[in-house]
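Protein chains in written order, with our numbering: chain A, 43 to 212; chain B, 43 to 212.
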């Protein structure tokens, strides 16, 4: 069994940083998901969802954070690093976590529709692969989940308003 | 059940193009894996493994091909597209295939240690996710597998030679 190397305070601090990244996505009207990669208690990679803005399917928060971390330390091996994500990583991001040998993964809210760290599958703890991780869910989960539910509530309200405007014009 | 939209000749033609990409990886002394993304019988994305050269964990052949395809058509949605890869995609690349909504996936050799399209898991045909694909294996499999086995044979021979040289010096 792998173990966490961080204190509760450290976990909350770094998840707060991932939440700050999620807020940056909001500024681009993107689904608010953020991530950071941490090594020796320092943030070495940051990322937020930019799929619509870039029209690039790979631009999830975790992918950008991992890419930046690799560039920062000049190595594809992020051994001994931790990843914090506001939402449970999808298969692509979980696969990137395995590829980069990240040691510990912390996430906020579960993603029952696409999560690959326990919800639909559990890629990060599958010991048949050549790497596996320590995984901890529910870190500042309420804040992370509220970010998403508020975003989708706003989208639905805007759609309803537009529909109303169109029907009033007719 | 999803179906293939390509003839045998087309499949061989596009896998040959993926093999050409794998040869480009060899020029950088990288593990020879290549990929192309095809839309309306045209190649819209190409990629080859560049993990060691770039020291970026995301630089698998399929990822670069998908990214280039998105950039080329200005959309993260690669619906109706096909992906050809010389080796069975790993979880990260399979996840990227799901994310980009690629319709058909063709690969050459199976990867029993890390394959996510039938070997260890089967991400692309898991209908619990919001997208799934038509998957065909063993397209020019012998050529794709020989590329890899020749590469690793050469690496082993070089290591043996170096060891011999060192022991002769002592």
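Virtual Cβ for every residue (Gly too), placed ideally from N, Cα, C.
Asked                                                                                                                       : Found
Beta carbon proximity, residue 88 (chain B) to chain C, threshold 8 Å                                                       : Going by chain labels, chain C is absent from the structure shown, which instead holds the protein chains A and B.
Contacting positions in the region 91 to 104 of chain A - beta carbon closer than 9 Å to chain B                            : 93, 94, 96, 97, 98, 99, 100, 101, 102
Alpha carbon of residue 121 (chain A) to alpha carbon of residue 51 (chain A), nearest angstrom                             : 22 Å
Touch test, the region 134 to 150 of chain A against the region 194 to 209 of chain A, Cβ-Cβ under 8 Å, three pairs minimum : no
Contact residues within the region 107 to 118 of chain B, judged by C-beta distance below 8 Å to chain A                    : 108, 109, 112, 113, 116, 117, 118
Extent of the continuous alpha helix (DSSP H) to which residue 140 (chain A) belongs                                        : 133 to 141
For residue 208 (chain B), the three-state DSSP class (helix, strand or coil)                                               : helix
Residue from A:208, A:88, A:212 with nearest C-alpha to residue 57 (chain A)                                                : A:88
Counterpart residues of residue 89 (chain A) in DSSP-defined beta bridges                                                   : A:77
Buried or exposed by the 16-neighbour rule on C-beta atoms within 10 Å, applied to residue 154 (chain A)                    : exposed
Beta bridge counterpart(s) of residue 147 (chain A) as assigned by DSSP                                                     : A:125, A:177
CB contact check: residue 164 (chain A) to chain B, cutoff 8 Å                                                              : no
Bounding residues of the alpha helix (DSSP H) (the contiguous stretch that carries residue 56 (chain B))                    : 50 to 69
Reference residue 74 (chain A), options A:53, A:104, A:83, A:178, closest by Cα                                             : A:104
Cβ-Cβ separation, residue 115 (chain B) to residue 81 (chain B) (assumed contact under 8 Å), whole Å                        : 7 Å
C-alpha gap between residue 113 (chain B) and residue 133 (chain A), whole angstroms                                        : 22 Å
Same chain, Cβ closer than 7 Å to residue 46 (chain B), five either side skipped, listed in chain order                     : 146, 176, 178
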